[in-house]
Structure formats: C-alpha cells, structure tokens
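One structure is given below, encoded as structure tokens.
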Amino acid sequence: MKDSEIMSKLLELLADFGEVALDVTLEEGLLKDIPVIGSAIKIATITKNIPNQLFLSKMKRFLQKIDKISQEDKENFIQDLDSKPELKSKVGEYLVLIIDRLDDMDKTDILAELFIKYVKNNIDLETFRRLASAIDIAFIEDIKALIMNSSDNQCLINLVRSGLSVVSSTGVPAMAFGGNVIHIGVHISDIGNLFIKLMNE
Numbered sequence: 115m116k117d118s119e120i121m122s123k124l125l126e127l128l129a130d131f132g133e134v135a136l137d138v139t140l141e142e143g144l145l146k147d148i149p150v151i152g153s154a155i156k157i158a159t160i161t162k163n164i165p166n167q168l169f170l171s172k173m174k175r176f177l178q179k180i181d182k183i184s185q186e187d188k189e190n191f192i193q194d195l196d197s198k199p200e201l202k203s204k205v206g207e208y209l210v211l212i213i214d215r216l217d218d219m220d221k222t223d224i225l226a227e228l229f230i231k232y233v234k235n236n237i238d239l240e241t242f243r244r245l246a247s248a249i250d251i252a253f254i255e256d257i258k259a260l261i262m263n264s265s266d267n268q269c270l271i272n273l274v275r276s277g278l279s280v281v282s283s284t285g286v287p288a289m290a291f292g293g294n295v296i297h298i299g300v301h302i303s304d305i306g307n308l309f310i311k312l313m314n315e
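Counting in the numbering used here, the final residue of the sequence shown is number 315, and the numbers go up one at a time with none missing.
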C-alpha cells in the first residue's frame, strides 16, 4: 500500500473522531475547519522534519493495525460518537496526543489493540486512556514481558510507575529508615491484570 493510499484511508477512518477549528495555511492557501486528526497529519506531511515523519510513521502503523475492525463495528462506533459531540472531539484529540508521545513503534501496535477493544465496547474511554497512559510511561520490553510472563518480578518492579503493577506491604524483607525491617512486594495492579487479559484474548 502506498503512503498516499494509507493517508487517504487514515483520513477516512479517523477524521470523524473529532473536529476543531484550526487556522492552518496549506500550500494551496486554504483556510478552513478540518478534523483534528486530518489536521495533524496534513501539518506533519507539510513540515518535513524528523519528529513529524516519526508521527506519520506511527499513525500509518496505527491505521494498519485497526484496519481489521469490522465495518459493522466501525459504523456503530461512529454512530455513537456522532450522538456525543464532546466525546467525538475528545477521542480525536486524545489519539493524536498519545500517538505523538509514544517512544517505540511497537507501542503503537499495543495502542491499536487497545483501541480496537474500545471500539468494540470491551472497555470504556476512561479505561482506554488509563491503559494508553500506562503504555506511554512504561518501557516497551517491560510491557512485552508483562504480557508474556506476568510473574517476572523485575518486570513488575519496573512497571510500578506506569500503574500496571503496585507495591504491596508484604514481600521480601528490607531495612527501612530508623533500622526497622519492613516487607516490600510488588504485584500486578487491577488495571495491569485487565491489560494482560485484553492483550491475550
């Protein structure tokens, strides 16, 4: 598939997710209200710098992954968004923001899988955003390890900051301030367990 075809499909599939009025001067000199996702793509295409090219690469990869959503699911999702203008705008804006922030191409694939779950009503928008933020924060190799082997203790320690795992009051002994012995353990959080379940369905 050519880049131009991918961009065209991306605009068709995603441009409906949100609209904002942006004064963007394109090469043709046009000034108009355009969908937020379409705007971001067009601006990135015109501005030939490395960050924008990486953004386009991530958007193309995201599109390719979500292309497996059935037409029925797409139509139901768009119909639902059309009935909720504020939600429609929020979804589009959030997708652009989170995809732009991702620091690894493999994270784009994971985000796409989570978005598919959202489109199919397996999770709500808040849960999608929480999981997406966790993916953004976490190191990709730790995410992969969590999906494949949720009992990897070092992986769980590394994932605490993302919220996919949490520190518990029981675990291995450690010397605390003042000489007191405390027990520190790490286990998968509720959102982490949901993430593992979603990624292994």
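Built from N, CA and C at the ideal position, the CB exists for glycine as well.
Per DSSP, the unbroken alpha helix (DSSP H) holding residue 212 starts and ends at 199-215. Between the stretch 196-215 and the stretch 164-178, the count of C-beta pairs closer than 8 Å reaches three or more; the two stretches touch.
For residue 304, the number of other beta carbons within 10 angstroms of its own is below 16, and it is reported as exposed. The C-alpha of residue 309 is placed about 10 Å away from the C-alpha of residue 244. Between residue 268 and residue 277, the alpha-carbon positions lie close to 15 Å from each other. Under the 8 Å Cβ criterion, the stretch 248-257 does not count as touching the stretch 189-209, having fewer than three qualifying pairs. Under DSSP, no beta-bridge partner is assigned to residue 261. Here residue 282 carries a strand assignment [DSSP, helix/strand/coil].
When DSSP states are grouped into helix, strand and coil, residue 306 belongs to the helix group. Counting along the chain, residue 240 sits inside the alpha helix (DSSP H) bounded by residues 239-251. The Cβ-Cβ distance between residue 191 and residue 226 does not fall below 8 Å.
For residue 272, the enclosing alpha helix (DSSP H) has its first and last residue at 267-272. The continuous stretches of alpha helix (DSSP H) do not include residue 218, and DSSP gives it neither H nor E.
With contacts defined as CB atoms closer than 8 Å, residue 314 and residue 261 qualify as a contacting pair.
Closest in C-alpha terms to residue 307, from the list 275, 272, 186 and 265, comes 265. It is roughly 12 Å from the alpha-carbon of residue 187 to the alpha-carbon of residue 236. DSSP places residue 181 in no alpha helix (DSSP H); its state is neither H nor E. Residue 233 is classed as buried because its beta carbon has at least 16 other beta carbons within 10 Å across all chains shown.
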